[in-house]
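As structure tokens, the structure follows; a few thoughts come after it.
Protein chains in written order, with our numbering: chain A, 6 to 460; chain B, 6 to 460.
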């Protein structure tokens, strides 16, 4: 029984696997900030060297941004292409971190040990679960049980500017029987899932200009239009009192949940008040009449991710500012057209603008939602392997976040993706104090070892 | 003719007067920022020394904040108490200044020479017009024509926390026949005015807290309430479509303009489109059906002076933030009760708050509007003296800014204030590139010399 030997090896080698992950977590590969571009390069180099050490033909591929990493293993049978990303989110506000973000540590908590540090969950810890599974197979049997290729990108947290051109140019090399993606979470804390529905994303940054310079509100207050007032009014009008987004045609292409999926989600026993209670809230803020899982997985959203204008320092300054700005994002589902959503948003903002104000737009990310065709036999084999490892029936689920890569593999390469991840809702990804449960890491490695065997 | 000799001396001494003002402008007396408190003290010392040099019994009076300056001259007849403030506004954004804010310079412009630097107009340049007029009388005649006292404060730009306690404790010493205040502007660019209506101010800072920490909008977007959304909606609801403020009882105590004053204002030939055109706007943003002068002088307002929340750096971060904040101010007129306005604002914000969000308030300034009783004969004498100097009929006007000191003199000391100033609308007070016209300074000194003679 090779698989049992491989699982035993994974258990015995756990400390070494953790040390390798720690090395990768120490590299400050923040992709959105040009100051860290050498670190992004160093993370790619680290991965190339590590993959070579377990027999992959691995190389760094330059782009106009951060490099891709491509690797091919020797093997036969089913061919899988694994995707992950080695870049991480910015770390501000730094003063809220309990330990430095790039000095990873194992910390004991009431719920078990965790790996603490930026990227531990999103996505370095997750991608290393797959690499370690390959390493274990190689160590125990001298080979991989199937044909494995690997593709890592370094711009996932900064809008993936190089991804689509790269995938178009290298579609043949990226094609396999199925794509494996490890950048998602468990269906429930103790129940694994395969994500088959991913929300898309439209990001927009806007700046409204009113007066040509900052004014004194004593002298001009009343007569001069304040761009913050314009911005507040236009953004407030994006939601109605029922939590629905008001843009023209926003819900075009938003499907109702199939009855079968709705029933499966019902059985997951998701409690909105527990989910929200962990972050100090209690009432779902989305569309009235939609369940909590629908609100985070299968319904579209609009959020203001940042807003600024006027005097924001200590004390008080009665300025009537020249400019006010905001960053806004939309999460898309089903067949919503991202370009149409962007156009509708811009039309809404322009319609709200007084004649003597200006508005400037810049786009950040534009991707539709993805839905996988789960009739490929690999899906059911992987679901059974996950169920074996976690001893809970694995489910096909949705994901609120945007992982455009799955859609790109569908449209550009023509392959379906299985999104299998081991993150928890409280991993604080994109926040201070990101962590990854030690159990997620360890059982994640074991899960992939089983899936490789099953395929 | 002593007055003519005094005016001739002022003309001859202009360069020296400018050099003295430049010395005072170099002192970085930003009162709202504790880092500059030594500079505030130095500005007070400078004024005490200068007033002593022209025969005043001057001294610095400590407070729990920045010190007051009090000075009494020798003289008989009418007793005037002159008020000004030696503190200045912060200087950010520093990169918009053409020359450093605390390195004052004389700069030639198409409209004549100007004194460029923070405080040149608000209020160091203005207060020195009065000091120089006293100096000239003293130099030419050896004495002041009437009894003159002087009172400078150093916290006007930071809410004057020490002012009311100080005035209550020293009401007898502050009492004179009439108070003179030089912290306002010309009625029109070439027409002097005496301000008899001043708007009050209520300043509020708020922070709305939603989730207990910053969240990832992919994971929580839709179900978790975003405090920026709450803030936008609550602030947007402060104005209706006609530019009116919607707070309960906001217009209680707002008087209609007396016909006589309305007629006088009509004759000032104020053009909203010219006034707004100078700052890149064209349409009055205040209450529909009110003239431009009403909107800036006699109608109450609400402005958001600052707003911030979420990710505001370069690039894009799909954060769903824990907190969102804003600074809001109201300008009050007539008998509006500042405490009632504050209460109504806080009630409005609380009513807009979802059950699981919190809001914290902090107040910055709370003062009602002031209206002067102009039947004291000093008013008409001063108006004639101003008309003589500027060769344009001086007018009784309103002022959009909040100068609570006039109300304090009315209520605490029991004296009426004449607000006479020489600032121009384009002086950029509270903004980068503050300036004071050389003509404002020079004719300002001459104006006070005439007013001292007339009283």
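No residue lacks a Cβ here, since even glycine has one placed at the ideal position from N, Cα and C.
Exercise for the section: Could you tell me if the beta carbon of residue 196/B falls within a distance shorter than 8 Å of some heavy atom in the ligand GDP? Expected result: For the structure depicted, the ligand GDP is absent and the ligand set is empty, with no information on it obtainable.
Practice task
Quick one: give me the first and last residue of the beta strand (DSSP E) that residue 365/B is part of.
Solution key: The residue given as residue 365/B occupies position 360 in the second chain. Segment 363-372, the beta strand (DSSP E) holding residue 365/B.
Handout entry: Inter-residue spacing [alpha-carbon to alpha-carbon] between residue 385/A and residue 128/A
Key = Against the first chain, residue 385/A aligns to sequence position 380. Against the first chain, residue 128/A aligns to sequence position 123. Straight-line Cα distance between these residues: approximately 25 Å.
Practice task
Over the uninterrupted beta strand (DSSP E) stretch that includes residue 335/B, give me the two end residues.
Solution key: For this step, residue 335/B is matched to residue 330 along the second chain. Per DSSP, residue 335/B belongs to the beta strand (DSSP E) from 328-337.
Exercise for the section: Could you tell me the distance, in whole angstroms, from the CA atom of residue 48/B to the CA atom of residue 405/A? Expected result: Stepping through the second chain from its first residue, residue 48/B is reached at position 43. Stepping through the first chain from its first residue, residue 405/A is reached at position 400. Near 59 Å, if we compare the C-alpha coordinates of residue 405/A and residue 48/B.
Practice task
Flag this pair as yes or no: are the beta carbons of residue 183/A and residue 460/A separated by less than 9 Å?
Solution key: For the purposes of this step, residue 183/A is taken as residue 178 along the first chain, with counting starting at 1. For the purposes of this step, residue 460/A is taken as residue 455 along the first chain, with counting starting at 1. Closer than 9 Å, so yes.
Exercise for the section: Output the distance between the C-alpha atoms of residue 189/B and residue 233/B, rounded to the nearest integer angstrom. Expected result: Within the second chain, residue 189/B is the residue found at index 184, counting from 1. Within the second chain, residue 233/B is the residue found at index 228, counting from 1. The alpha-carbon atoms of residue 189/B and residue 233/B are separated by roughly 37 Å.
Problem - Where the alpha helix (DSSP H) through residue 92/A begins and ends - result: Translated into the one-based positions of the first chain, residue 92/A becomes position 87. Premise fails: residue 92/A is in no alpha helix (DSSP H) and is neither H nor E.
Handout entry: Bridge-paired residues (DSSP) for residue 313/B
Key = The count along the second chain starts at 1 and reaches residue 313/B at position 308. The partner list for residue 313/B (beta bridge, DSSP) reads 313/A and 330/B.
Problem - Nearest to residue 461/B (by Cα), restricted to the options 259/B, 27/B and 332/B - result: With chain B covering only 6 through 460, there is no way to say anything about residue 461/B.
Handout entry: Limits of the unbroken beta strand (DSSP E) element including residue 257/A
Key = As a position in the first chain, residue 257/A is number 252, starting the count at 1. Neither: residue 257/A is in no beta strand (DSSP E) and is coded neither H nor E.
Problem - Residue from 303/A, 375/A, 333/A and 288/A whose Cα sits closest to the Cα of residue 416/A - result: On the first chain, residue 416/A is found 411 positions in, with the first residue counted as 1. If we check each option's Cα against that of residue 416/A, 375/A comes out closest.
Practice task
Please specify which runs of the alpha helix (DSSP H), each continuous and at least 4 residues long, are wholly inside the stretch 35-80 of chain B, giving them in chain order.
Solution key: 42-58
Handout entry: residue 238/B, buried or exposed, once every other Cβ within 10 Å from all chains shown has been counted against 16
Key = If you number the second chain from 1, residue 238/B lands on position 233. By the 10 Å Cβ count, residue 238/B comes out buried.
Practice task
Please report how far the alpha carbon of residue 133/A lies from the alpha carbon of residue 24/A, in whole angstroms.
Solution key: In the first chain, the residue the question calls residue 133/A occupies position 128. In the first chain, the residue the question calls residue 24/A occupies position 19. Near 11 Å, if we compare the C-alpha coordinates of residue 24/A and residue 133/A.
Problem - Three-state secondary structure (DSSP) of residue 358/A - result: Within the first chain, residue 358/A is the residue found at index 353, counting from 1. Coil.
Problem - residue 233/A: contacting residues in chain B (beta-carbon distance under 7 Å) - result: Taking the first residue of the first chain as 1, we reach residue 233/A at position 228. The answer, in chain order, is 309 and 312.
Handout entry: residue 172/B at chain A interface by Cβ criterion, 9 Å
Key = Start at 1 with the first residue of the second chain, and residue 172/B comes out as number 167. False, the Cβ-Cβ gap to chain A never drops below 9 Å.
Problem - residue 265/A burial status per 10 Å Cβ neighbour count (16 or more: buried) - result: Within the first chain, residue 265/A is the residue found at index 260, counting from 1. Classification of residue 265/A: exposed, given that the 10 Å Cβ count is below 16.
Exercise for the section: Taking residue 139/B as part of the alpha helix (DSSP H), name the residues at either end of that continuous run. Expected result: The sequence position of residue 139/B within the second chain is 134, counting from 1. Note, residue 139/B: alpha helix (DSSP H), 129-146.
Exercise for the section: Tell me, please, which residues DSSP counts as bridged to residue 201/A. Expected result: Locating residue 201/A in the first chain gives position 196, where the first residue counts as 1. Residue 201/A pairs with nothing; no bridge assigned.
Handout entry: Per-residue DSSP class, three states only, for residue 82/B
Key = In the second chain, counting from the first residue as 1, residue 82/B sits at position 77. Of the three classes helix, strand and coil, the one that applies to residue 82/B here is coil, per DSSP.
Exercise for the section: Report yes if the C-beta distance between residue 55/B and residue 169/B is below 9 Å; otherwise report no. Expected result: In the second chain, residue 55/B corresponds to position 50, counting from 1. In the second chain, residue 169/B corresponds to position 164, counting from 1. No, Cβ-Cβ distance for residue 55/B and residue 169/B is not below 9 Å.
Handout entry: Contact with chain A by residue 154/B, beta-carbon distance below 9 Å
Key = Counted from its first residue, the second chain places residue 154/B at position 149. By this cut-off, residue 154/B is not an interface position.
Problem - Interface flag, residue 147/A vs chain B, CB-CB below 9 Å - result: Indexing the first chain from 1 puts residue 147/A at position 142. Chain B contact via Cβ: absent.
Exercise for the section: For the beta strand (DSSP E) holding residue 465/A, just list the boundary residues, first then last. Expected result: Nothing can be reported for residue 465/A: it is not among the residues displayed for chain A, which extend from 6 to 460.
Exercise for the section: Measure the C-alpha to C-alpha separation of residue 290/A and residue 337/A and round it to an integer number of angstroms. Expected result: Mapped onto the first chain, residue 290/A falls at position 285. Mapped onto the first chain, residue 337/A falls at position 332. Computed Cα separation, rounded: 17 Å.
Problem - Three-pair Cβ contact test at 8 Å for the stretch 278-292 of chain B versus the stretch 341-354 of chain A - result: no
Practice task
Tell me residue 212/B's beta-bridge partners as DSSP assigns them.
Solution key: Within the second chain, residue 212/B is the residue found at index 207, counting from 1. Partner(s): 330/B and 365/B.
Problem - residue 424/B: first and last residue of the uninterrupted beta strand (DSSP E) it sits in - result: By 1-based counting over the second chain, the position of residue 424/B is 419. Unbroken beta strand (DSSP E) run through residue 424/B: 422-425.
Exercise for the section: Under the assumption that residue 308/B contacts residue 325/A (Cβ atoms under 8 Å), give the Cβ distance between them as a whole number of angstroms. Expected result: For the purposes of this step, residue 308/B is identified with residue 303 of the second chain, where counting begins at 1. For the purposes of this step, residue 325/A is identified with residue 320 of the first chain, where counting begins at 1. Confirmed, about 6 Å.
Practice task
Would you kindly check if the distance between the Cβ of residue 364/A and the Cβ of residue 199/A is under 9 Å?
Solution key: If you number the first chain from 1, residue 199/A lands on position 194. If you number the first chain from 1, residue 364/A lands on position 359. No. Outside cutoff.
Problem - Every unbroken alpha helix (DSSP H) inside the stretch 364-419 of chain B [4 residues or more] - result: 382-395 and 409-413
Exercise for the section: Can you check DSSP and say which residues form a bridge with residue 154/B? Expected result: Residue numbering aside, residue 154/B sits at position 149 when the second chain is read from its first letter. Partner(s): 77/B and 86/B.
Practice task
Flag this pair as touching only if the stretch 441-460 of chain B and the stretch 201-220 of chain B have three or more C-beta atom pairs under 8 Å; answer yes or no.
Solution key: no
Exercise for the section: Starting from the beta carbon of residue 216/B, find every residue of chain A whose beta carbon is closer than 7 Å, and list them in chain order. Expected result: Numbered from its first residue, the second chain carries residue 216/B at position 211. The answer, in chain order, is 284, 285 and 286.
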